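Number of protein chains: 2
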Amino acid sequence: MATTETEFLRDYDPAKFERPSVTVDLVLMTVSGRTLRALTIHRDSHPAAGKWALPGAFVGIDESLDAAAKRILKDRAHIASAYLEQLYTFGDVHRDPRMRIITVVYFALLPEARFENLRTQSADRCLAKIEVDGTADRIKLFDGDGAALKVAFDHADILALAVERLRGKLDYSDIAFALLPTEFTLRQLQEVHEAIRGTQLNKPAFRRRMLDKKILKATGRFESGAAFRPAELYTFVPEKNR
Amino acid sequence: MATTETEFLRDYDPAKFERPSVTVDLVLMTVSGRTLRALTIHRDSHPAAGKWALPGAFVGIDESLDAAAKRILKDRAHIASAYLEQLYTFGDVHRDPRMRIITVVYFALLPEARFENLRTQSADRCLAKIEVDGTADRIKLFDGDGAALKVAFDHADILALAVERLRGKLDYSDIAFALLPTEFTLRQLQEVHEAIRGTQLNKPAFRRRMLDKKILKATGRFESGAAFRPAELYTFVPEKNR
DNA sequence: CGAATAGTGTCTGTTAGACACTATTAA
DNA sequence: TTAATAGTGTCTAACAGACACTATTCG
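Protein chains in written order, with the working numbering: chain A, 4 to 245; chain B, 4 to 245.
Here is the structure:
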């Protein structure tokens with residue numbers, strides 16, 4: 004194998020070479036009604052001042068990537084637990100203008116109600132509405148008033164990939180249930196699917212498909228406060244309990 | 004936001020904190036007949052001496068992750084180009100006993116014939132046969148003589164995840180064609196699918212499904228050297244040419 | 001001609017979309 | 001009663017597995 008001396012040294016003793024910094028960034032997503040939302044934080048200082056960024060932090064030397072993601076969830080979003088999954092690692096050389104930063108991105112899913120604890124009202128953080136441009140390789144963010152938000156760094160690419168991943172996993176995984184409370188109606192489940200896919204679904208076909216999977220258990224209880232006929236509440240049955 | 008002083012400093016000036024090393028590792032896969040194979044390299048020195056590991060290298064400070072993957076492909080496997088895709092990032096604290104190393108894993112797919120250039124005969128590298136234990140969360144490696152190979156570090160987990168990813172993408176992506184030469188028979192295509200899935204497929208149903216997708220073009224040419232009736236050769240038509 | 005594989009036609013069961021229908025609740 | 005949504009029954013088209021069949025090539 005022909006390796007140059009530089010390569011040999013780098014492989015032999017990497018401590019002699021400058022190391023990139025490593026961060027974990029979090030795409031914290033939820034569904035409200037038929038819209039997909041993600042937590043973004045306003046940047047007050049340069050670089051990318053005035054733009055909105057995903058929460059993140061540097062990875063500790065004695066901290067696994069999963070642990071770093073949990074820490075960010077807790078410290079930056081004040082959320083004790085959520086469905087967490089690694090999404091992708093972004094490592095372009097100039098993705099951050101300050102220095103070389105490689106970021107391992109996780110996404111976290113949780114039901115809308117779990118955001119109560121979070122001060123989304125405070126001006127510097129926002130559960131931004133995600134709008135997908137057609138074929139899903141481009142997204143736009145909007146705040147509660149419908150104003151477009153500028154996205155910092157490569158975080159728009161990250162959000163687009165997160166939506167793509169959700170779409171891909173929707174049919175064969177349990178991610179939809181991570182976005183719903185313990186008890187939910189079939190209409191709520193359908194709304195989650197529609198929010199992620201960005202299209203409408205046929206009601207009878209959707210109900211049949213979900214019920215045929217045998218992953219739902221009817222509780223016998225019904226939603227309350229509905230203007231009209233209340234729907235039955237279901238719970239999700241994880242595979243291990245089937 | 005309540006952050007400790009340590010956290011504040013780490014976020015403010017990460018240069019003051021020790022950084023993990025970052026490597027890129029490569030799962031270089033191919034299919035021969037109905038078996039899935041991956042390139043592994045014998046470790047002569049500690050740690051994990053005598054075990055087999057995936058090719059990898061540290062990421063340069065001015066090198067993107069994709070570029071690092073291409074460099075490893077070229078320098079470590081002497082292969083000019085291949086289908087490359089990021090798989091996952093492994094970052095457990097003690098995954099390497101020497102020091103904290105986070106590794107971004109890519110997989111590379113190429114047809115068996117493209118391995119001609121590579122000296123697989125040399126004793127320190129091996130196109131190991133991958134055998135999947137039942138539900139695909141555990142794998143075993145074997146050399147050409149059928150002897151079991153011990154796998155270094157967490158590389159068995161990495162290989163298992165690579166197989167899982169291939170299985171997940173088989174039906175909706177074009178990965179199978181990255182494992183075949185430009186012209187191939189429908190039987191060869193079916194063998195690739197069977198190698199990845201680990202199950203047999205029904206021939207007429209498979210042919211119909213493939214031809215109905217309109218992603219194959221019949222060349223009018225036929226394989227040669229076959230013992231019996233030669234099959235027609237097809238080429239893959241990428242989406243942009245349809 | 002015989003062996004072996006290439007390639008086809010057809011039956012059947014499953015599933016998804018479409019759509020019309022009944023059921024139940026609050027006002 | 002009315003408005004609005006919950007939930008069901010049924011028709012149809014698409015598709016996959018199974019299996020038997022014909023076709024073609026080499027020796």
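Glycine is no exception: its CB is placed at the ideal position from the N, C-alpha and C atoms.
Remember, predicted model here, so these are calculated numbers, not experimental data.
* **Cα-Cα separation between residue 1/A and residue 163/A, rounded to whole angstroms** => It is not possible to answer for residue 1/A, since the shown part of chain A is limited to 4 through 245.
* Please name the residue in 156/B, 107/B, 178/B and 233/B whose C-alpha comes closest to that of residue 49/B. => 156/B
* Asked: With burial defined as no fewer than 16 other Cβ atoms inside 10 Å of the residue's Cβ, what is the status of residue 203/B: buried or exposed?
  -> For residue 203/B, the number of other beta carbons within 10 angstroms of its own is below 16, and it is reported as exposed.
* To do: Tell me whether the beta-carbon of residue 181/A lies closer than 9 angstroms to the beta-carbon of residue 86/A.
  => yes
* To do: Just the chain B side, please: which residues come within less than 9 angstroms of residue 68/A by C-beta, in chain order?
  => 92, 93, 94, 95 and 105
* Hey, how far is the Cα of residue 185/A from the Cα of residue 238/A? -> 6 angstroms
* To do: For residue 65/B, go through chain A and note every residue whose CB falls closer than 8 angstroms to its CB, in chain order.
  => In chain order, 96 and 103 make up the part of chain A whose C-beta sits under 8 angstroms from the C-beta of residue 65/B.
* Asked: At what residues does the alpha helix (DSSP H) containing residue 180/B begin and finish?
  -> 178-181
* Asked: Three-state secondary structure (DSSP) at residue 108/A?
  -> strand
* Since residue 45/A contacts residue 160/A with CB under 8 angstroms, what's their CB separation in whole angstroms? -> Not quite, the Cβ-Cβ distance comes to about 19 angstroms (not below 8 angstroms), so this is no contact.
* Asked: Leaving out the 5 sequence neighbours to the left and right, which residues in its chain are closer than 6 angstroms to residue 12/A when beta-carbon positions are compared?
  -> Because residue 12/A sits at a pLDDT of 48, beneath the cut-off of 50, its placement in the model cannot be relied upon, and the following sentence gives the value as read from the coordinates. There are no such residues.
* Could you tell me whether the Cβ of residue 225/A comes closer than 9 angstroms to any Cβ of chain B? => At a cut-off of 9 angstroms, the C-beta of residue 225/A has no neighbouring C-beta in chain B.
* Short check: CB of residue 30/B to CB of residue 68/B, under 9 angstroms? -> no
* **Which listed residue (89/B, 32/B, 105/B and 168/B) has its alpha carbon closest to that of residue 115/B** => Comparing Cα positions, the closest option is 32/B.
* Asked: Between residue 22/B and chain A, is there a C-beta pair that is closer than 9 angstroms?
  -> The beta carbon of residue 22/B falls within 9 angstroms of a beta carbon belonging to chain A, placing the residue at that interface.
* To do: Report the rounded CA-to-CA distance for residue 47/A versus residue 53/A, giving the unit in angstroms.
  => 6 angstroms
* Asked: Whose C-alpha, out of 24/B, 233/B and 34/B, is nearest the C-alpha of residue 59/B?
  -> 24/B
* To do: Counting only the same chain and skipping the five closest in sequence on each side, list residues whose C-beta sits under 6 angstroms from that of residue 72/B.
  => 27, 87 and 109
* Asked: residue 43/B and residue 112/B: beta carbons closer than 9 angstroms?
  -> no
* **Whole-number beta carbon distance between residue 146/B and residue 131/B, since they are thought to touch under 8 angstroms** => Contact between residue 131/B and residue 146/B holds: their C-beta atoms lie close to 6 angstroms from each other, under 8 angstroms.
* Answer yes or no: do residue 235/A and residue 189/A have a C-beta to C-beta separation smaller than 9 angstroms? => yes
* To do: Please say whether residue 76/A and residue 84/A have beta carbons closer to each other than 9 angstroms?
  => yes
* To do: Report all residues from its chain with a CB closer than 8 angstroms to the CB of residue 104/B; omit the five preceding and five following residues, and keep chain order.
  => 23, 24, 25, 26 and 98
* **residue 191/A: contacting residues in chain B (beta-carbon distance under 8 angstroms)** => Correct list: empty, because the minimum Cβ distance to chain B is about 27 angstroms.
* Nearest-angstrom Cα distance between residue 96/A and residue 61/A? -> 17 angstroms
* To do: With a threshold of 16 other CB atoms inside 10 Å of the CB of residue 222/B, please say whether the residue is buried or exposed.
  => exposed
* **Assumed close pair residue 39/A, residue 133/A - CB separation to whole angstroms, cut-off 8 angstroms** => 5 angstroms
* **Element boundaries [beta strand (DSSP E), containing residue 32/A]** => 24-35
* Which residues share a DSSP beta bridge with residue 86/B? -> 112/B
* Asked: DSSP state of residue 99/B, grouped into three classes?
  -> coil
* Asked: Since residue 179/B contacts residue 166/B with CB under 8 angstroms, what's their CB separation in whole angstroms?
  -> Your pair residue 179/B and residue 166/B does not check out as a contact, with CB atoms roughly 14 angstroms apart and the cut at 8 angstroms.
* Residues bridged to residue 219/A (per DSSP) -> 239/A
* How close, in whole Å, do the beta carbons of residue 169/B and residue 199/B come, if the pair is a contact with beta carbons under 8 angstroms? -> Rounded, the Cβ-Cβ distance is 5 angstroms, consistent with contact.
* Asked: By the 10 Å Cβ neighbour count, where 16 or more other Cβ atoms means buried, how is residue 94/A classified, buried or exposed?
  -> buried
* Partner residues on chain A for residue 89/B, Cβ-Cβ distance less than 7 angstroms -> Going along chain A in sequence order, the residues near residue 89/B (Cβ under 7 angstroms) are 91 and 92.
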